[in-house]
Structures are given as C-alpha cells and as structure tokens.
Amino acid sequence: MKKREIFDQVSDMEQQIGELYEQLGDLKGRLRDLLEENHRLAAENHNLRNHLEQTDKQNNTESSEDKPPKSFPGEGYDNLARLYEEGFHICNLEFGSPRQNEDCIFCLDFLNKKK
Ligand SMILES: [Zn+2]
Numbered sequence: 058m059k060k061r062e063i064f065d066q067v068s069d070m071e072q073q074i075g076e077l078y079e080q081l082g083d084l085k086g087r088l089r090d091l092l093e094e095n096h097r098l099a100a101e102n103h104n105l106r107n108h109l110e111q112t113d114k115q116n117n118t119e120s121s122e123d124k125p126p127k128s129f130p131g132e133g134y135d136n137l138a139r140l141y142e143e144g145f146h147i148c149n150l151e152f153g154s155p156r157q158n159e160d161c162i163f164c165l166d167f168l169n170k171k172k
C-alpha cells in the first residue's frame, strides 16, 4: 500500500470519528431529555397515585368494609407481589427494573399498603 493511500484512509477515519463523536453528543442530549421526562412522569404518576388513594379512602369510609378496594383488586395485588418476588421493582420510583437481590423499602411499603 502506498503512503498516499494510507494517509487518505487515516483522513477518512478521522472524519468518520468526528461524525460519530457528533452523533454521540446528539444521542447524549436526547438521552438526557428522556431521563428528565421520565423523572417528571414518575413524579406525576406518584402524585396521581397519592391523589387516587386519597379519593379511594374517602369513598371507602362511606361504603361497607367487606368490599375489596376498587382500584386494587386481589388479582392485581398477587401479580405485583409475584413480580416483586421475581426480583423486580414495583414501586413508583423504579417500576419494572431489576432489584439485584436487595429488598426495596419503597416496594415493601407499597405492598403493605395494598394488602
Ligand atoms: Zn422498589
């Protein structure tokens, strides 16, 4: 291979690396936006759940106690409990992500509330 060809190839690579670097920066920006949106939605979800629970509590005090709560039927609870036992978060903060063999106080708190 002639020196000139090698030089051209290196130049090409340099350009490609530059473009990749630009794309990487772009992706990083989009990832940051997604994480921010995710965080915002998680907070909103948390607030809405709290609101829903409050509304349910108010409704339940008016109705008889032997009825199961409207929004959390037994089957749904079992599914969540199973999901947790299989090693996933079911809390608002990290719903669906793996727990890595550690108990999560938010998940446990969530389960206790739903019992
Ligand atoms: Zn959790």
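Under the numbering used here, the first residue of the sequence shown carries the number 58, and numbering increases by one thereafter. Just so you know, even glycine gets a beta-carbon here, dropped at the ideal spot from N, CA and C.
Next on the checklist: Can you tell me whether residue 163 sits near ligand 1, meaning its C-beta is under 8 Å from at least one heavy atom of the ligand?
Outcome noted: The answer is yes for residue 163.
Item to check | Between the CA atoms of residue 140 and residue 118 - distance to the nearest angstrom | outcome: Roughly 30 Å between the two C-alpha positions.
Checklist entry - Is residue 97 near ligand 1, in the sense that its beta carbon is under 8 Å from a heavy atom of that ligand? => result Residue 97 Cβ: outside cutoff for every heavy atom of ligand 1.
Checklist entry - Does DSSP put residue 163 in a helix, a strand or coil? => result Helix.
Next on the checklist: So, does the region 80–98 touch the region 135–154, judging by three or more C-beta pairs under 8 Å?
Outcome noted: Contact between the region 80–98 and the region 135–154 is absent: fewer than 3 CB-CB pairs across the two stretches fall below 8 Å.
Checklist entry - Is any heavy atom in ligand 1 found nearer than 8 Å to the beta carbon of residue 87? => result Answer for residue 87: no, Cβ out of range of ligand 1.
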